[in-house]
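For reference, the structure discussed in these notes is given below.
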Amino acid sequence: GITLLDELGERRSLSYALLRLANVRNARGEYREALETASRATEACLATGQAARIWATELAAGRAWRGLGNRDQARAAFEQVAKQYPRSDAAPGAYHSLGLLALQSATTTAEIDDALAQFARVETLYPTSPWVPRSLQASALAHRRAGRYAEAADLNRRVSLEYPASDAAAAAQFEIGQALALQGQPR
């Protein structure tokens, strides 16, 4: 028969599978489904004593809220991860996501600088995180938006030279060309 330990292991596997499914649904643009799945993953974490893993479900929920266009709910989820779980693997992703939210609606230099501060936290607080190259590349986008093309090109060069295997490297290479062209130096 099934023992209590077997059942607990199955529930833990369920919470992990639900979290992965929420992330897949976010990647596919299925945000309502991702939000529902993240909620079910949170319930499964709580039911199996895995409250320490709720940070991952909150990050998935924040991405779903962002995809649904609910900036306030997304910000709240990302801030919760960053503040309540600063040592989790999701904290750098939360700061990166907060920077993206700020950058998406930025219309002033101060708002762009707010986004830059969020991206800088990733490199400063989590220097070995895989989120560092993504945040450096996002910082370059912010500098380009502010008309600081030389800074944008420099940051993108850093990404392509220091993190050539990262998922941000290809975009950084493209952005180097964009920044140079905007500076009047296409080469």
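Under our numbering, the first residue of the sequence shown is numbered 2, with each subsequent residue one higher.
Yeah, the Cβ is synthetic: ideal placement off N, Cα and C, and Gly gets one too.
Check your understanding: Fully enclosed by the region 106-156, which alpha helix (DSSP H) runs are 4 residues long or longer?
Key -> 110-126 and 132-146
Practice item. May I ask you to report which of helix, strand or coil DSSP gives Pro93? Key: Against the sequence shown, residue 93 aligns to sequence position 92. Pro93 falls in the helix class under three-state DSSP.
**Study point:** Distance CB(Ile177)-CB(Arg149) smaller than 9 Å
**Key:** Numbered from its first residue, the sequence shown carries residue 177 at position 176. Numbered from its first residue, the sequence shown carries residue 149 at position 148. Going by C-beta atoms, Ile177 is not nearer than 9 Å to Arg149.
Check your understanding: How many angstroms separate the CA atom of Ala103 from the CA atom of Ala18?
Key -> Within the sequence shown, the letter at position 102 stands for residue 103. Within the sequence shown, the letter at position 17 stands for residue 18. Going by the C-alpha atoms only, they are around 31 Å apart.
Point to revise | Arg67 to Val82 span [Cα, whole Å] | key: Counted from its first residue, the sequence shown places residue 67 at position 66. Counted from its first residue, the sequence shown places residue 82 at position 81. If you take the alpha carbons of Arg67 and Val82, they lie about 15 Å apart.
Check your understanding: Using the C-alpha atoms, what's the distance from Lys84 back to Gln184?
Key -> The residue given as residue 184 occupies position 183 in the sequence shown. The residue given as residue 84 occupies position 83 in the sequence shown. Using only the alpha carbons, I get a separation of about 39 Å.
Point to revise | Chain-order list of residues whose beta-carbon lies under 8 Å from that of His97 (same chain, five-residue window excluded) | key: The residue you call residue 97 lines up with position 96 of the sequence shown. So the list reads Gln119, Phe120, Val123, Trp132, Arg135, Ser136 and Ala139, once near-sequence residues are dropped.
Review point. If you drop the 5 nearest sequence neighbours on each side, which residues of the same chain put their C-beta closer than 7 Å to that of Thr38?
Key: Counting from 1 along the sequence shown, the entry for residue 38 is found at position 37. Counting only Cβ-Cβ distances below 7 Å, and skipping sequence neighbours, we find Leu19, Leu22, Ala23 and Arg26.
Point to revise | Three-way DSSP call (helix, strand, coil) for Arg41 in this model | key: For the purposes of this step, residue 41 is taken as residue 40 along the sequence shown, with counting starting at 1. Of the three classes helix, strand and coil, the one that applies to Arg41 here is helix, per DSSP.
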